[in-house]
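J.: Here you go, one structure.
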Amino acid sequence: MSTMTTEQTEALIQEVLEVYPEKAKKDRAKHLAANDPTLEQSNKCITSNKKSLPGVMTIRGCAYAGSKGVVWGPIKDMIHISHGPVGCGQYSRAGRRNYYVGTTGVNTFGTMNFTSDFQEKDIVFGGDKKLDKLISEIDTLFPLNKGISVQSECPIGLIGDDIEAVSKRKSKEIDKPVVPVRCEGFRGVSQSLGHHIANDTIRDWVLPTRDNDNSFQTTPYDVSIIGDYNIGGDAWSSRILLEEMGLRVVSQWSGDGTLSEMELTPKVKLNLLHCYRSMNYISRHMEEKYGIPWVEYNFFGPTKIAESLRKIASYFDDSIKEGAERVIAKYNAEMEPIIAKFRPRLEGKRVMLYVGGLRPRHTIGAYEDLGMEVVGAGYEFGHNDDYDRTIKEMGNATLLYDDVTGYEFEEFVKAVKPDLIGSGIKEKYIFQKMGIPFRQMHSWDYSGPYHGYDGFAIFARDMDMTLNNPCWGKLIAPWKATGSEAAAKAA
Amino acid sequence: MPMVMLRENAAGDMTLYVAKKDLEDVVTSIEFDQPDKWGGTITIGDGTSFYIDPLDCPPKLPVSLRARRG
């Protein structure tokens, strides 16, 4: 099927909505739209960040996932206690592949799970005593930890434990920061509120600690990478580009990041914001309190990288601008053979994306560099401002779907027939069984990095490997193949 | 009484941002915009208006202020 017109897309949405009861249909209709790139504001065409409908399948997470899993979790030299029953921490442990350097269990704790393992008696009598004991135990067993954060799970809010009081007391006792985070899973409609809560706790408990301490030697070229979680090494392949153009990266938030890096962030000259959704709050705060400007950038695909490097360089003097041009020229030469190799194999293929954070819009450039077209995109937990940024990147009349349900996504795929789908693990096997190539785009399908020039080479290889895998031609058993298919195979 | 944040966007226009409501839009009108009096009713692009108690001088952006529904 070739490109759809706005009418066709809208007709498809209506057709898919047909099975819902009246009320659900009305609600879901607001979350689905045909893109119109001329619009300046997305709230004219799509509603987002609303509670999911009961009874439909959503792939959203919870506030705890947003705080522990995304923002706090990757800070490697702190211990993050999953305060509450054991499951939340255990089933999310190390799943996001935030790479880091260090000796796990000695000075870094990224892939470990610390939990207060609530039992019935803790629910009945309160868990504050247990938390108190747990923090002492942690500090005895892991003396090289730089601080502790208490990530609340649902029961903590329900039974009304005072984790703030315990944290303050223990912080004095062990002489390290202990940060209470009120990120109970029931708060908000998705993990997005967890990001906000986590940002607010960083603002209150971490950033002000070095306000009157000017011992840190600054340079005019200090920047920090905000909102890069180092999935499969993403932040490293971004960092080398910035360093090569002459900037000094003071901190990484929060992939492969440390507590002291975060405390030093208010000393930088510019905040580079990759994941707008999860860390715009802290960037806005630093702009107000410390006067640090922030700039959004996109390190997926050579076109967008060059654009972003120039945008970042425009905040600095000529030596950095020259540095940016030098980096772009050097790597563009390296990228040419990669594009020459993979573009002919991927040209014209159509992609549907349904992920979270920044990927539905940021990866579009990388696909376009490979001659592919994104024909549908949606966010799990995006807000208006994410869609504002997305509608300009997407083609006319392409599908936009917010918090899409399992049923809707399958129906859209059946109608649009994309050549590739990028979404999460819960969708992966459904679509693979439908015979459609699939990439798990939450942790790059256990590959990566995808950021930066080095990442693009891997991205291109992975897309080719998935799309042109010979298995897709073998989905029909040979004895069931009709004459034409057998002929096609022979040819 | 939401907290609103006023800042300048890349184009140099003043924008008003309400984090809790996901609302960010360009400021279209300010009731008092004089060197000695700043604030009052502020209207933004989508038609919503907020009331900010007038300040003695224009604030240095970005700034967070308490606002009432205007």
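Which chain is which? The protein sequence lines are A and B, in order.
First residue of the first sequence? That's 199 in this note's numbering, and the numbers climb one at a time after it.
First residue of the second sequence? That's 3 in this note's numbering, and the numbers climb one at a time after it.
Cβ coordinates follow ideal geometry from the N, Cα and C atoms, glycine included.
Predicted, not measured: the structure shown is a model, and the values here were computed from it.
1. Spell out the partners DSSP gives histidine 278 (chain A) in its beta bridges.
2. Taking 6 angstroms as the limit between beta carbons, can you name the residues of its chain near phenylalanine 497 (chain A), skipping five residues before and five after?
3. Just confirm the distance between the C-beta atoms of leucine 556 (chain A) and cysteine 473 (chain A), as a whole number of angstroms; I'd bet it's less than 8 angstroms.
4. Which same chain residues, not among the five before or five after tyrosine 19 (chain B), have their C-beta less than 6 angstroms away from its C-beta?
5. Span of the alpha helix (DSSP H) holding glutamine 389 (chain A)?
6. Which of the three DSSP states, helix, strand or coil, is assigned to arginine 71 (chain B)?
7. How far does the beta strand (DSSP E) with phenylalanine 610 (chain A) in it extend, from its first residue to its last?
8. Helix, strand or coil: how does DSSP classify methionine 533 (chain A) here?
9. Who does serine 449 (chain A) pair with in a DSSP beta bridge?
10. Give me the DSSP bridge partner(s) of tyrosine 577 (chain A).
11. Going along chain A, which residues have a C-beta under 9 angstroms from arginine 70 (chain B)?
12. For a cutoff of 9 angstroms on Cβ pairs, would you count tyrosine 474 (chain A) as touching chain B?
13. Give the interface partners of proline 64 (chain B) over in chain A, defined as CB-CB distance under 8 angstroms, in chain order.
14. Which residues of chain B have a Cβ atom closer than 9 angstroms to the Cβ of asparagine 582 (chain A), listed in chain order?
15. Smallest Cα separation from phenylalanine 384 (chain A): which of A:Tyr644, A:Cys352, A:Tyr298?
16. Hey, would you say alanine 232 (chain A) sits closer than 9 angstroms to threonine 596 (chain A), going by beta carbons?
17. Residues of the stretch 219 to 253 of chain A in Cβ contact with chain B at a cutoff of 7 angstroms, in chain order, please.
18. Can you find the residues in the same chain that come closer than 7 angstroms, C-beta to C-beta, to threonine 416 (chain A), ignoring five residues on each side of it along the sequence?
19. On the CB-based measure, 16 or more other CB atoms within 10 Å of its CB, does glycine 253 (chain A) come out buried or exposed?
20. Which residues in chain A sit within 8 angstroms of methionine 16 (chain B), going by Cβ to Cβ distance?
21. Use the C-beta contact count for glycine 293 (chain A): other C-beta atoms within 10 angstroms, 16 or more gives buried, fewer gives exposed.
22. Measuring straight from C-alpha to C-alpha, what distance separates glycine 324 (chain A) and serine 314 (chain A)?
23. How would you list, in chain order, the residues of chain B whose beta-carbon sits under 9 angstroms from the beta-carbon of tyrosine 479 (chain A)?
24. Using only the alpha-carbon positions, how far apart do arginine 480 (chain A) and isoleucine 490 (chain A) sit?
25. Only counting the same chain, and skipping five residues up and downstream in sequence, which positions put a Cβ closer than 8 angstroms to that of glutamate 461 (chain A)?
26. Once you ignore the five residues that flank alanine 689 (chain A) on each side, which residues in its own chain have a CB closer than 6 angstroms to its CB?
27. Using a beta-carbon distance below 9 angstroms, is histidine 560 (chain A) in contact with chain B?
28. Should the stretch 439 to 456 of chain A be called in touch with the stretch 516 to 531 of chain A, which here means at least 3 C-beta pairs below 8 angstroms?
29. Looking at the secondary structure, which residues open and close the beta strand (DSSP E) in which glutamate 318 (chain A) lies?
30. Can you list the residues of chain A that methionine 3 (chain B) reaches, using a CB-CB cut of under 9 angstroms?
31. On a Cα-Cα basis, can you pick out the residue from A:Ser350, A:Arg380, A:Ser449 that is closest to valine 284 (chain A)?
32. What did DSSP end up calling alanine 504 (chain A) once you bin it into helix, strand or coil?
33. Skipping 5 residues on each side, what residues in its chain have a beta carbon closer than 8 angstroms to that of leucine 471 (chain A)?
34. Cα separation between aspartate 58 (chain B) and valine 448 (chain A)?
35. Quick check: the Cα distance between glycine 14 (chain B) and glutamate 485 (chain A), rounded to an integer number of angstroms?
T.: Concretely, from the data shown:
1. A:Ser347
2. Ser436, Ile503, His649, Gly650
3. 5 angstroms
4. Met7, Glu26
5. 389 to 403
6. strand
7. From DSSP, phenylalanine 610 (chain A) is part of no beta strand (DSSP E) but of the alpha helix (DSSP H) over 604 to 614.
8. helix
9. A:Ser422
10. A:Val553
11. Under the 9 angstroms cutoff, chain A gives no residues; its nearest Cβ is about 20 angstroms from arginine 70 (chain B).
12. no
13. Arg482, Glu485, Glu486
14. Asp24, Leu25, Glu26
15. A:Cys352
16. yes
17. Asn247
18. Lys465
19. exposed
20. In chain order: nothing, as chain A lies at least about 14 angstroms away.
21. exposed
22. 12 angstroms
23. Ala21
24. Residue identity check: residue 480 (chain A) is isoleucine in the sequence provided, not arginine. For isoleucine 480 (chain A) and isoleucine 490 (chain A), the distance between alpha carbons rounds to 11 angstroms.
25. Val404, Leu405, Thr407, Arg408
26. Note that alanine 689 (chain A) has pLDDT 47, beneath the 50 cutoff, so the model's placement of it is unreliable and no number is given.
27. no
28. yes
29. Element bounds for glutamate 318 (chain A): not the beta strand (DSSP E) but the alpha helix (DSSP H), 318 to 323.
30. Those do not exist, as methionine 3 (chain B) stays about 18 angstroms from chain A at its closest Cβ, beyond 9 angstroms.
31. A:Ser350
32. helix
33. Ile424, Gly425, Met477, Asn478, Ser481, Trp492, Val493, Glu494, Tyr495
34. 38 angstroms
35. 15 angstroms
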